[in-house]
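Per numbering that gives the first Met the number 0: the sequence shown = residues 0 to 505.
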Amino acid sequence: MAPHPPKPSGPISGHLWGCLLPPLPPLPRFLPPFYILLVSISPAGSFRAPWLPSKASRFGGSGRQNMAREPDKASMRATLVVLATLGTAVIATTNPGVVARITQKGLDYACQQGMTVLRKELEKITIPTFSGTFEIKHLGEGHYSFYSKTSGNFDLSVEGVSISAGLKPGFDPASGHCTVTCSACRNHIESVRVHISGSGLGWLIKLFHKKMESALQKMMNKKICQVVTNSVSSKLQPYLETLPVKTQIDNVAGIDYSLVAPPTTTTDNLDGQLKGEFFRWNQRSPPPFAPPPLAFPGDHDRMVYLGISDYFFNTAGFVYQQAGALNLTVTDNMIPKKSKFRLTTNFFGILIPQVATMFPNMEVQLVFWASSPPHLTMNPASLVFTPTLDTQAFAVLQNSSLAPLFVLRLTMNISVTVGATLDRLVGQLELNKLLLELKHSDVGPFSVGVLQAVMSYVVPIAVIPKVNERLQKGFPLPMPAKLQAFNLVLRSHQNFLLLGADVRYS
């Protein structure tokens with residue numbers, strides 16, 4: 000196989016090369032502002048065009064032949080090269096919360112899938128009824144028309160077909176969807192060969208087969224670009240719209256994955272900048288902090304990457320805390336029966352005598368709530384979650400009413416483990432450290448230190464498992480329809496997580 004064409008050298012603005020071919024015939028060069036798709040089929044050599052009638056085709060008639068035929072096994076090479084020239088790039092005014100990157104490996108795979116779709120559409124091309132004139136030596140001018148007056152077969156082979164099409168990527172600011180249009184299309188066919196057999200008039204038809212070949216070539220040249228343009232609008236654009244933009248998580252929150260700027264390109268990647276934030280589903284308001292800049296590493300061994308900033312996770316904490324959804328009531332039946340720690344006034348009376356004196360032989364409830372939005376910090380070594388919780392202890396009276404005992408503030412340091420499934424991000428928490436502060440007491444003064452062991456036991460045994468239960472359900476990742484991820488890898492970087500994966504279209 001011939002060597003790949005050289006990549007451009009020196010600083011450039013937005014070029015992306017992929018699926019490189021053996022040397023191509025000269026192709027038209029499209030000018031800015033945008034240009035992002037180049038397809039070439041069999042640039043050197045010939046094959047029987049799989050989208051045209053072959054031996055099974057009836058000669059004559061209106062051209063509505065059956066196109067369902069296996070292609071000839073002759074040499075056939077196809078490619079999709081993505082080249083983007085961004086003449087007037089639009090830059091997002093703020094940093095994205097999530098960056099989606101398609102690498103050269105991913106573009107190569109998209110090439111293969113795109114060619115499969117395009118080929119199926121090209122197979123639908125039919126030969127219509129047409130007519131023309133031709134010269135017969137010594138006899139003068141003749142006229143021909145194709146219609147169903149004779150029968151027979153013909154083989155039609157096409158040599159040196161190339162297609163170049165310009166795609167203009169963008170985004171719809173109103174919906175946040177990615178958009179794509181076919182901005183230019185040109186194709187070239189070196190030659191069309193027709194071999195006629197099985198007709199009693201074959202000797203006459205052969206007199207003008209050159210004219211027929213020329214007419215077929217012109218017809219095909221016209222229809223190929225129509226198919227390409229229609230495929231972009233009817234196949235590619237609807238598929239891009241299957242990428243979720245806003246996804247509801249529960250009755251409190253949703254995730255916004257809308258684009259904040261048009262896709263951008265480098266020599267090796269295609270990047271999409273996504274808003275990447277949680278929001279209150281029925282009462283949206285912007286968070287009081289902004290996404291950090293992401294220093295995206297040069298990893299290229301997976302097809303796609305998602306850079307998920309700490310902003311994404313911290314907007315989740317902000318939304319749920321503002322909605323009052325981060326609260327939990329812990330009762331004694333949530334504590335293992337074999338534990339020496341009990342949520343009763345008798346047990347707390349051992350540590351704080353006045354509790355047992357004022358409220359003997361009663362159950363105790365601990366109500367936890369987030370007093371401020373929890374914060375997640377990311378660096379290459381670890382993910383650290385630092386929530387601040389308040390907890391109020393109540394004695395449960397005989398009539399089921401609650402008598403307040405005291406209020407504590409809990410400042411915690413928690414390690415976070417993040418994982419990914421095929422289409423969801425999951426997590427798990429583990430308590431590292433817990434500090435107590437007495438905010439208020441309804442039973443008189445006492446040293447908060449006497450409750451350190453109790454709270455250090457109750458939080459990891461009753462509170463964190465409830466949070467982990469929700470985190471294990473996961474949150475959806477932005478994946479278009481019929482795309483499956485595998486070979487997942489997840490790494491922590493400064494201020495963001497990097498999720499890489501290969502994908503398979505099913």
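Heads up, the beta-carbon is just placed ideally off N, CA and C, and yes, glycines get one too.
Through-space distance from residue j to residue i, alpha-carbon basis
i, j, result
"Phe288", "Val97", "15 angstroms"
"Asn332", "Gln272", "48 angstroms"
"Leu350", "Leu450", "7 angstroms"
"Ala500", "Gln112", "17 angstroms"
"Val157", "Gln216", "9 angstroms"
"Arg503", "Val383", "33 angstroms"
"Ser182", "Ile162", "14 angstroms"
"Asp309", "Thr410", "20 angstroms"
"Ala173", "Val453", "52 angstroms"
"His374", "Asn313", "6 angstroms"
"Pro95", "Pro296", "16 angstroms"
"Pro291", "Val244", "21 angstroms"
"Thr390", "Glu436", "10 angstroms"
"Asp106", "Val417", "Correcting the residue identity first, residue 106 is Leu in this sequence and not Asp. Each residue's Cα considered, the two are about 28 angstroms apart."
"Met66", "Gly316", "Because Met66 carries a pLDDT of 32, less than 50, the predicted location of this residue cannot be relied on, and no value is offered for it."
"Asp267", "Glu276", "27 angstroms"
"Arg279", "Gly159", "57 angstroms"
"Ser400", "Met361", "11 angstroms"
"Glu122", "Ser284", "51 angstroms"
"Arg439", "Ala392", "It should be noted that the sequence gives His, not Arg, for residue 439. Between His439 and Ala392, the C-alpha separation is close to 11 angstroms."
"Gln247", "Ala324", "16 angstroms"
"Tyr238", "Arg469", "31 angstroms"
Under the three-state DSSP convention, the category residue i falls into
i, result
"Thr314", "helix"
"Ser491", "strand"
"Ala510", "What is shown of the chain runs 0 to 505, which leaves residue 510 out entirely."
"Lys274", "coil"
"Gln364", "strand"
"Thr387", "strand"
"Ile101", "strand"
"Lys438", "strand"
"Leu497", "strand"
"Glu240", "coil"
"Lys432", "strand"
"Asn345", "helix"
"Ala380", "coil"
"Ile126", "coil"
"Val81", "Its pLDDT being 38, under 50, Val81 is placed unreliably by the model, and the measurement read from it follows with that caveat. DSSP places Val81 in coil when its eight states are reduced to three."
"Gly418", "strand"
"Ser156", "strand"
"His3", "Model confidence at His3 stands at a pLDDT of 39, short of 50, so the residue's coordinates are unreliable; what they give is reported in the following sentence. Coil, per DSSP."
"Pro21", "Interpretation of Pro21 is limited by its pLDDT of 34, a score under 50 that renders its predicted location unreliable; the figure taken from the coordinates is listed afterwards. Coil."
"Leu293", "coil"
Same chain only: Cβ atoms within 7 angstroms of residue i, ignoring 5 sequence neighbours per side
i, result
"Asp441", "Pro403, Leu404, Phe405"
"Val354", "Thr344, Phe347, Gly348, Leu404, Val442"
"Phe445", "Ile351"
"Asp171", "Thr178"
"Ser505", "Lys481, Gln483"
"Val488", "Arg301, Gly499"
"Phe358", "Thr344, Ala394, Ala402"
"Thr241", "Pro479, Ala480"
Whole-angstrom C-beta distance between residue j and residue i, which should lie under 8 angstroms
i, j, result
"Ala252", "Tyr319", "6 angstroms"
"Gln562", "Val179", "Since the first and last residues shown for the chain are 0 and 505, residue 562 lies out of range."
"Met377", "Phe495", "6 angstroms"
"His299", "Pro379", "In fact, because the Cβ distance is near 19 angstroms, the residues do not count as touching under 8 angstroms."
"Leu388", "Phe367", "5 angstroms"
DSSP bridge partner residues for residue i (one or two, in chain order)
i, result
"Lys504", "Sequence check: residue 504 is Tyr here, not Lys. Bridge partners of Tyr504: Leu482."
"Phe474", "Leu424"
"Pro168", "Val179"
"Pro403", "Phe393"
"His187", "Ser161"
"Asp255", "Lys245, Glu276"
"Gly306", "Val98, Leu497"
"Leu409", "Leu388, Leu435"
"Arg118", "Arg118 is not bridged to any residue."
"Thr263", "Asp270"
"Ala369", "Leu388"
Contacts around residue i, its chain only, beta-carbon distance under 8 angstroms, and the 5 residues preceding and following it disregarded
i, result
"Ile413", "Val383, Phe384, Thr385, Pro386, Leu428, Glu429, Leu430, Asn431, Ile463"
"Asn220", "Asn186, His187, Ile188"
"Lys234", "Val116, Glu120"
Residue i CB to nearest heavy atom of the ligand HEM below 7 angstroms
i, result
"Phe393", "The ligand content of the structure shown is nil, which means the ligand HEM is not present either."
Residues of its chain near residue i, where Cβ-Cβ distance is below 6 angstroms and the 5 sequence neighbours each way are ignored
i, result
"Val329", "Leu365, Ala461"
"Asp422", "Leu476, Met478"
"Gly175", "Val244, Ser257, Leu258"
"Ala43", "Because the pLDDT of Ala43 is 29, which lies under 50, any placement of that residue in the model is unreliable, and the question is left without a value."
"Val191", "Val157, Glu212, Leu215, Gln216"
"Pro286", "Thr314, Phe317"
Residue-level contact to chain D via CB, residue i, 8 angstroms cutoff
i, result
"Val179", "Going by chain labels, chain D is absent from the structure shown, which holds only one protein chain."
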